[in-house]
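Undergrad:
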RNA sequence: GCCCGGGUGGCGGAAUUGGUAUACGCACAGGACUUAAAAUCCUGGGCCAGAAAUGGAUUGAGGGUUCAAGUCCCUCCCCGGGCACCA
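Numbering (my numbering), first residue to last: 3 to 949.
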């Protein structure tokens, strides 16, 4: 009798797989393909960590499973090796990044091998290999030629610690995604990729991705941030401003402006509120600010300097007080109302979104409201809130009478067909009671209604609620607007009185006057929801939703904007792909001819970033100085490198044909393998790698026709991160990092793999906790003892039924990434059948099921049982539903929904037979009083007697 | 603030279309083997009451629908993640 010795057998089979090329996939297979991909690692000096083990194990189970299922499976691996750690290490030690990278790869590859992952190493890639980045550069040139790569000067995110520019996606809460340093704004000439050009395609593509988690799709959707609205132009005119004025200046400006007809273009999602636009705001970066001649030039200039100087974080802080300066001497004309309104510059408006200018509607936008309140700007409401009548209740109105009585009008509950029919409900003020209290009392007592009071600057409203949710009706009393009559949704009428009318009404008591006066001083609220328009000329009484497109059309042009920004694609660092561009004095920007690729990284002595916005490459004269491929004259190479995300934006394509030196991948290979069927990876890449690589793929498909599918990944399977046992992130500084090497050493790869999966649902984050690993360890040891000592014979019928149940469950669990329940399924199977008769065939079937999870032990046991070759060459056992059918089944017996007993019946028993047997139970009889009124029978499961 | 995801024993977690809640594992208790311990194997309870048979409660809180709710509906609380002055 041998003992389970993971160390011995694991090394043996890893060697076998390598020598026999068990997992090497073919581009010429006749079989259906499955492309199983897991994000490739950055080969850091620390080596493999638990964050890798989880997705790799899951992906490996899936890859082995589909091989058993008869698919040609590609499960490749490579190295995403450009990046800062290697470079920072080089700065410290002087070791070239290429060398440390190579060392790290060797180490991490050893670790991966020791976990027994079934990667196809014949397709291995390395993003820092010139044979690879030649094609990254080539692809960049395709973007350039398509006009999607361009150089521009602008304010970009700058990491002061890493001394490089960053993409928008790399800034998390104002901090550098990599190092956590506070990101600054810096004006630099940078390369950009025009991802915004593909905003709509990136958005629409998500619709077809049924097998992506909603969370991932939603996050990308929000990141792209599509807003539909309108661009509206406001004319700028001179205005008389207070104080002394240089008449000659006014004269010159007057002719200048009136003729030039300067306009400020704003973007809004709420053109329906345009009548409420009481001022304009332009961002401090707005280009028009440099052209406009205004009275308070100095003051505005100072403000702009201060606003654009501060760090982004301060500017977007939530609790920040709003600041701004009015542009004196000019006004804008509201194209809807014709009113002349002031123009302000304020940093709460962002220069790089929309048009960099807004129309402010303080009555219906919280930010504008805050600003208007602070600077005492007019607030003009143009939307009245409405809520759908529910349960037959409608909108009502209130009448106050001289003797303190009030009458409430509401739609009759039973008059749903006639919305005009109303019922009246009368009440009155008692003693010293306030009318508000009287209303509350009456409504509560008589109709069980709650009343909610809202005060706006220009009107106040009562919302009458039933059960705190159903709206019974609404009342509006205007404070100082013109009396209006509005049509409401179901045709009911309400009347809005001016404050004056209310106060002067003969029926209004002094008391009501007090109430109204009090309401006017209350802090106002802002209505941001759509409603019914008033104060809006011809659109009065129309619903916001209906008026919106009409008003967008009438006063401006409908317009869609996106929050997505163009991708800052250059980094001022050494260890990245050189951007294949030459700068020539005569010809300007000249792409490196394709036949001169790759532009290889030169050896440098100093890897230190200069911090001036120049890459260390700028110091290598013999590399920088080159000749222009257009004119032959002297020219300089682009010294910026590409971001870390470049190589990973297309690596999934290269795997299909990783050795090709003529193309980035042949069309045939891409046609066979693309798209990736299942892509395992982290949630943290949702708006980074996952978005970027979709962009590249969509570009290569739609624009270039080089890739056969638009969307690269059919299915995305995210994993939860592995935390340390204390629930915090594993980090070297805290010393709570679990080293995978120790685990494979102590328990073996099979146990570590299975336990990792058993810990919890794959998509959920888990705290690493070694306590439970003995359970899995014991389980595999038991399986070993069981199968090495078992005397095989015929299958017991229960063995067979349990086996087929296991086939079905394992199938389901792997397909739905529920690895934790798959593992418990194996344990349960063992517990159930270990003492029963079993055939050798069934044992082999069991091994095939377990194999994707614990491949080494299964190979060894298969060999001990007399099998030839690898379990991988077998096929997945076929599920037979007939085998799971049992002769005797257990039926739960309920009385009034509570389980009182269980009975065992023949599987073929009829409902009547089961009923009779169930009623015979003493336990059941105890709870049944008399004849049951109703009997619910759920076949094969339960019977419920309802008394 | 807005948008997602989640809340089940002492712990990790299971529960397919609404149909026996707590599978599987850890920890715990008792037993076997052993001089003893570890390892291994067997058994057990899981909250409350009870010696036991048994009964009752229970899936974050409260309400509702249903013969039947962890699962569906409403209100609220808490935790995790994403976005955040995006007009």
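Quick reminder that beta carbons are idealized off the backbone N, C-alpha and C, glycines included.
(1) Residues bridged to residue 919 by DSSP?
(2) Would you say residue 564 and residue 201 are within 8 Å of each other, going by their C-beta atoms?
(3) So residue 162 and residue 186 are supposed to be a Cβ contact under 8 Å. How far apart are they, rounded?
(4) Going by DSSP, name the residue or residues bridged to residue 167.
(5) Once you ignore the five residues that flank residue 725 on each side, which residues in its own chain have a CB closer than 8 Å to its CB?
(6) Going by the DSSP bridge assignment, what does residue 128 pair with across the sheet?
(7) List in chain order: all unbroken alpha helix (DSSP H) runs of 4+ residues lying wholly within the segment 105–151.
(8) Mind checking who residue 896 pairs with in its DSSP beta bridge?
(9) Check for me: the beta strand (DSSP E) holding residue 11 runs from which residue to which?
(10) If you draw a straight line from the alpha carbon of residue 173 to that of residue 159, how long is it in whole angstroms?
(11) Give a yes or no on contact between the segment 544–557 and the segment 615–635, applying the rule of three or more CB pairs nearer than 8 Å.
(12) So the alpha helix (DSSP H) residue 95 belongs to, where does it begin and stop?
(13) Check whether the segment 741–755 touches the segment 43–61, counting contact only when three or more Cβ pairs, one atom from each stretch, lie closer than 8 Å.
(14) So what does residue 617 bridge to, in DSSP terms?
(15) Can you give me the C-alpha to C-alpha distance between residue 252 and residue 695, rounded to a whole angstrom?
(16) Could you say if the segment 89–98 and the segment 600–619 meet the contact criterion of at least three C-beta pairs nearer than 8 Å?
(17) Can you find the residues in the same chain that come closer than 8 Å, C-beta to C-beta, to residue 691, ignoring five residues on each side of it along the sequence?
(18) Find out if the Cβ-Cβ distance for the pair residue 676, residue 719 is shorter than 8 Å.
(19) Pick helix, strand or coil for residue 641, following the three-state DSSP scheme.
(20) Can you give the Cα-Cα distance for residue 139 and residue 206, rounded to whole angstroms?
(21) Pull up the distance between the alpha-carbon of residue 77 and that of residue 154, whole angstroms please.
(22) Just grab the DSSP bridge partners of residue 559 for me.
(23) What are the partner residues of residue 957, as DSSP defines its beta bridges?
(24) From residue 38 to residue 678, what distance separates their C-alpha atoms?
(25) State the Cα-Cα distance for the pair residue 828 and residue 820, rounded to the nearest angstrom.
(26) With a cut-off of 8 Å on the beta carbons, I'd call residue 758 and residue 59 a contact; round off their distance for me.
(27) Is it buried or exposed, residue 796, if we count other Cβ atoms within 10 angstroms and call 16 or more buried?
(28) Sorted by chain position, which residues of the same chain lie with C-beta nearer than 8 Å to residue 592's C-beta, five sequence neighbours on each side aside?
(29) Report yes if the CB atom of residue 141 is closer than 8 Å to the CB atom of residue 199, and no otherwise.
(30) Could you check whether the segment 370–377 touches the segment 287–297, counting it as contact only if at least three pairs of C-beta atoms, one from each stretch, sit closer than 8 Å?
(31) Output yes or no for whether 8 Å exceeds the beta carbon distance between residue 331 and residue 347.
(32) How long is the line joining the alpha carbons of residue 884 and residue 943, rounded to whole angstroms?
(33) Tell whether a beta-carbon distance below 8 Å holds between residue 2 and residue 384.
(34) Taking the beta strand (DSSP E) that residue 939 belongs to, which residues open and close that run?
(35) Can you round the beta-carbon distance between residue 2 and residue 907 to whole angstroms, since I take them to be within the 8 Å contact cut?
(36) Rounded to the nearest angstrom, how far is the Cβ of residue 379 from that of residue 364, given a contact under 8 Å?
TA: A quick look at the data gives this:
(1) Per DSSP, none; premise fails for residue 919.
(2) yes
(3) 6 Å
(4) 160
(5) 731, 732, 767, 768, 769 and 770
(6) 81
(7) 132–147
(8) 901 and 946
(9) That residue, residue 11, is in no beta strand (DSSP E); its alpha helix (DSSP H) goes 8–22.
(10) 8 Å
(11) no
(12) 86–95
(13) yes
(14) Per DSSP, none; premise fails for residue 617.
(15) With a pLDDT of only 46 at residue 252, under 50, the local geometry of the prediction cannot be trusted, and the value read off the model is given with reservation. One C-alpha to the other measures close to 56 Å.
(16) yes
(17) 41, 647, 650, 651 and 683
(18) no
(19) coil
(20) 28 Å
(21) 40 Å
(22) 233
(23) Any question about residue 957 goes unanswered here, given that the chain covers just 3 to 949.
(24) 6 Å
(25) 13 Å
(26) 5 Å
(27) exposed
(28) 583, 584, 585, 586, 630, 631, 632 and 637
(29) no
(30) no
(31) no
(32) 18 Å
(33) Residue 2 lies beyond the stretch modelled for the chain, which goes from 3 to 949, so this question has no answer here.
(34) 936–940
(35) Nothing can be reported for residue 2: it is not among the residues displayed for the chain, which extend from 3 to 949.
(36) 7 Å
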